[in-house]
Amino acid sequence: MAIKHRSNKIPIPPVPVTLQTLVVLVFAMSVGWKIAFITFAFYLFQGTIGLPVFAKPPYSGPLYLIGSSGGYLMGMLLASFVVGYLAERNYDKNYFKSLFAIFLGTLIIFIPGLIWLGFWFDNFHPKLAENIGLFEGYKLALTHGLLVFKFTEPVKVALAASITPLLWQYISKK
């Protein structure tokens, strides 16, 4: 009973903490904008038509895209294009250029993610929508959609920025 009572007190973030941003950005740096964009668009299509590919329940369906993480998913689609485009202009061969591209991609993911999450808190959150003040959702979005990633995202950016230049070094030695 004590464990169950304690588990009810742990807040579940409205946006799942995954390695998806790392994978999307490294994939875009590795294959370029066309393949990255089409692949991620197909992933979103699969989830929209009902395949269980998304990170948290309900795992699929068109309503998932207007859920709390919908803005992040749209940001990932745009980031796959931009980061892939930069990779095709040799931002994938140098650590500092790669770091810039990955950081920019991360911003492109988070900006629409936070904007949508704030809107979602203001309008759709089952417990908050009726009792929330104007723009309070955006304060919650910063807390639950950005600050929860304050330790993981910088590590993912540094890791992602390191991977493709190292891959190119490895490939060029072969």
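In terms of this note's numbering, the sequence shown opens at residue -2 and continues consecutively.
Built from N, CA and C at the ideal position, the CB exists for glycine as well.
Here the structure is a predicted model, which means the values were calculated and not measured.
Could you have a look at residue i and say whether DSSP puts it in helix, strand or coil?
{"i": "PHE97", "result": "helix"}
{"i": "TYR51", "result": "Note on identity: in this sequence residue 51 is Phe, with Tyr being the wrong assignment. The answer is coil: DSSP assigns PHE51 none of H, G, I, E or B."}
{"i": "PRO109", "result": "helix"}
{"i": "GLY134", "result": "helix"}
{"i": "SER65", "result": "coil"}
{"i": "LYS171", "result": "coil"}
{"i": "SER4", "result": "Confidence at SER4 is low in this model, with a pLDDT of 36, below 50, so the placement of that residue is unreliable and no value is reported for it."}
{"i": "SER57", "result": "coil"}
{"i": "MET(-2)", "result": "Any reading at MET(-2) must be qualified, since the residue scores a pLDDT of 34, below 50, and its modelled position is unreliable; no value is offered."}
{"i": "LYS153", "result": "helix"}
{"i": "LEU16", "result": "coil"}
{"i": "PRO11", "result": "coil"}
Does residue i pass the burial test, meaning 16 or more other C-beta atoms within 10 Å, or should it be called exposed?
{"i": "VAL23", "result": "buried"}
{"i": "GLY102", "result": "buried"}
{"i": "GLY47", "result": "exposed"}
{"i": "ILE63", "result": "exposed"}
{"i": "ILE168", "result": "exposed"}
{"i": "ALA76", "result": "buried"}
{"i": "GLN17", "result": "buried"}
{"i": "PHE146", "result": "buried"}
{"i": "PRO109", "result": "buried"}
{"i": "TYR229", "result": "Nothing in the structure corresponds to residue 229, since the chain is present only between -2 and 171."}
What's the gap between the Cα of residue i and the Cα of residue j?
{"i": "ILE0", "j": "PRO10", "result": "With a pLDDT of only 39 at ILE0, under 50, the local geometry of the prediction cannot be trusted, and the value read off the model is given with reservation. Distance between the alpha carbons of ILE0 and PRO10: 20 Å."}
{"i": "LEU164", "j": "HIS122", "result": "43 Å"}
{"i": "LEU144", "j": "TYR88", "result": "28 Å"}
{"i": "ILE35", "j": "PHE116", "result": "27 Å"}
{"i": "MET26", "j": "ILE160", "result": "9 Å"}
{"i": "ALA84", "j": "ALA158", "result": "11 Å"}
{"i": "ILE32", "j": "LEU137", "result": "35 Å"}
{"i": "PRO55", "j": "TRP113", "result": "19 Å"}
{"i": "LEU156", "j": "ALA98", "result": "13 Å"}
{"i": "GLU133", "j": "GLY67", "result": "19 Å"}
First and last residue of the alpha helix (DSSP H) that includes residue i?
{"i": "ILE35", "result": "30 to 45"}
{"i": "TYR88", "result": "Note, TYR88: premise wrong, no alpha helix (DSSP H); not H, not E."}
Could you confirm whether any beta carbon from chain B is found closer than 8 Å to the beta carbon of residue i?
{"i": "LYS170", "result": "You won't find chain B in this structure, because it holds only one protein chain."}
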